[in-house]
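Participant:
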Amino acid sequence: MLRRLVAVGIVCFSVIPLAACHAYLPGCLPKGGTTGTARVTISIDPDWNPFNRGKFVPSSVTVRAGNLVTWSFKETTAPHSITADDGSFDSCQMVGVPGGLTHFTVRFSQPGIFKYHCRVHSGMRGEVKVT
Ligand SMILES: [Cu+2]
């Protein structure tokens with residue numbers, strides 16, 4: 001764990017000597033994740049908006065109840081999280097460095113609209129519609 005934090009710090013401070021890298025989400029415990037083959041993959045892509053740094057693509061997806069959704073990390077300059085607005089799942093952090101979490105998968109069992117966000121960047125938002 002410490003080695004991972006040091007690696008993130010090195011990447012962050014050599015690439016972006018500013019704010020986006022301070023958020024290691026200490027004390028956050030990932031929850032709601034699972035493994036398996038996802039029906040839909042959402043990419044976390046770069047976004048050079050200085051307030052967001054990343055974006056969920058596509059930001060809205062539709063799946064059937066019981067399907068899995070995987071978020072895949074493509075952005076490599078800032079940490080992000082996939083955090084349900086209702087707290088039902090949280091990746092805590094994903095980073096594009098060796099040893100970092102680069103995928104996060106959630107099973108959506110109940111119909112509804114599930115909104116999520118990135119804990120690090122308030123402008124990063126998305127939703128999963130479950131039919
Ligand atoms: Cu983010």
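Numbered according to this note's numbering, the sequence shown spans residues 1 to 131. The beta carbon of each residue, even a glycine, is placed where N, CA and C say it ideally should be. These numbers come from a predicted model, not from an experiment.
1) Could you tell me the distance, in whole angstroms, from the CA atom of D137 to the CA atom of P58?
2) Taking all protein chains shown into account, do 16 or more other C-beta atoms lie within 10 angstroms of the C-beta of Q93, making it buried, or fewer, making it exposed?
3) Tell me the DSSP secondary structure of G112 in three-state form.
4) Assuming contact is defined by CB atoms lying nearer than 8 Å, are A78 and G32 in contact in what I supplied?
5) What three-state label does DSSP hand R107 in the structure shown?
6) Consult DSSP for I10 and reduce its assignment to one of helix, strand or coil.
7) With DSSP collapsed to three states, give me the class of T83.
8) Check each candidate in N49, A38, G27 and N52 and name the one with the smallest Cα separation from F108.
9) H103: beta carbon under 7 Å from a heavy atom of ligand 1?
10) Considering only their Cβ atoms, is the gap separating H103 from W71 smaller than 8 Å?
11) Three-state secondary structure (DSSP) at R125?
12) I think V69 touches I42, with their Cβ atoms under 8 Å apart; what is that distance to the nearest whole Å?
13) Could you tell me the distance, in whole angstroms, from the CA atom of L101 to the CA atom of V95?
Facilitator: Once the coordinates are examined:
1) One cannot answer for residue 137 here, as it falls past the ends of the chain, which runs 1 to 131.
2) Taking all protein chains shown into account, Q93 has 16 or more neighbouring C-beta atoms within 10 Å of its C-beta and is therefore buried.
3) G112: strand per DSSP, three-state reduction.
4) Cβ distance not < 8 Å, so A78 and G32 don't count as in contact.
5) In the three-state reduction of the DSSP assignment, R107 falls in the strand class.
6) With a pLDDT of 40 at I10, under the threshold of 50, the modelled position of that residue is not reliable, and the figure given next carries that caveat. In the structure shown, I10 falls within a helical segment according to DSSP collapsed to helix, strand and coil.
7) For T83, the three-state secondary structure derived from DSSP is strand.
8) For F108, the nearest C-alpha among the options comes from A38.
9) Not so, every heavy atom of ligand 1 lies at least 7 Å from the Cβ.
10) Taking 8 Å as the Cβ cut-off, W71 and H103 qualify as a contacting pair.
11) Three-state DSSP puts R125 in a strand.
12) With a contact defined as Cβ atoms closer than 8 Å, V69 and I42 qualify at about 7 Å.
13) Answer to the nearest angstrom: the Cα atoms are 6 Å apart.
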